[in-house]
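Peer 1: Below is one structure. I have some questions about it.
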Amino acid sequence: MFAPTFVQHRGARILRIDLSALEPRDLIVAADQVRRIVTAEPPRSVRALTLLYARLTGEAAAALKACAQANTPHIRASAMVGSSFWRVIAADVQARGREELALFDDEASALDWLAAQ
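Start counting at 1 in the sequence shown, then tack on 285, and there's your number in my numbering.
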């Protein structure tokens, strides 16, 4: 079951969003759940780590992009670890105003970067 959780890393509170095992239809529900969690936090306070290896449909991609846009005012820094396909999606999100999104090859590097932000 999908359950985003806040973790501590080097003294920083980081929202860990593991989408890697989800089916495309579940990504839509997960995007809404993430949006509710993030938008409940104060502006520019959330450090988010997203793990993306799941398959994608057009509908799921649209839901994830909408979630990213809705979350923007609440994000302090965001890191993504995923396949090359997901990096294309992330680049599109970056181009739409999410400059604080950084791409990484592994979770440890992403966590270290987020903790430093």
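Beta carbons are placed, not taken as given, at the ideal position from N, Cα and C, and that holds for glycine.
Predicted model, so just to flag it, every value in this text is computed and none were measured.
(1) Could you tell me the boundaries of the alpha helix (DSSP H) in which residue 303 lies?
(2) Starting from the C-beta of residue 304, find all residues in its chain whose C-beta is less than 7 angstroms away, skip the five residues before and the five after it, and write them out in chain order.
(3) So what's residue 318 in DSSP terms, helix, strand or just coil?
(4) Take residue 326 as the anchor and find which of 317, 288, 359 has the nearest alpha-carbon.
(5) Taking the C-alpha atoms as reference points, what is the distance between residue 292 and residue 300?
(6) Starting from residue 354 and walking both ways along the alpha helix (DSSP H), at which residues does that stretch end?
(7) Using a Cβ-Cβ cutoff of less than 7 angstroms, which residues in the same chain neighbour residue 331 once the five nearest sequence positions on both sides are dropped?
(8) Do you know offhand how far residue 347's Cα is from residue 310's?
(9) Mapping the DSSP letters down to three states, classify residue 312 as helix, strand or coil.
(10) Report the option in 353, 355, 386, 342 whose CA atom is closest to the CA atom of residue 308.
(11) Grab me the residues of residue 297's own chain with a C-beta within less than 7 angstroms of its C-beta, minus the 5 sequence neighbours each way, in chain order.
(12) DSSP three-state call for residue 330: helix, strand or coil?
Peer 2: On the basis of the data shown:
(1) Segment 297–303 is the beta strand (DSSP E) holding residue 303; no alpha helix (DSSP H) there.
(2) So the list reads 312, 315, 335, 336, 337, 339, once near-sequence residues are dropped.
(3) helix
(4) The closest CA to that of residue 326, considering only 317, 288, 359, is found on 359.
(5) 6 angstroms
(6) 343–356
(7) 300, 323, 359, 360, 361
(8) 12 angstroms
(9) It is helical.
(10) 342
(11) 332, 399, 400
(12) coil
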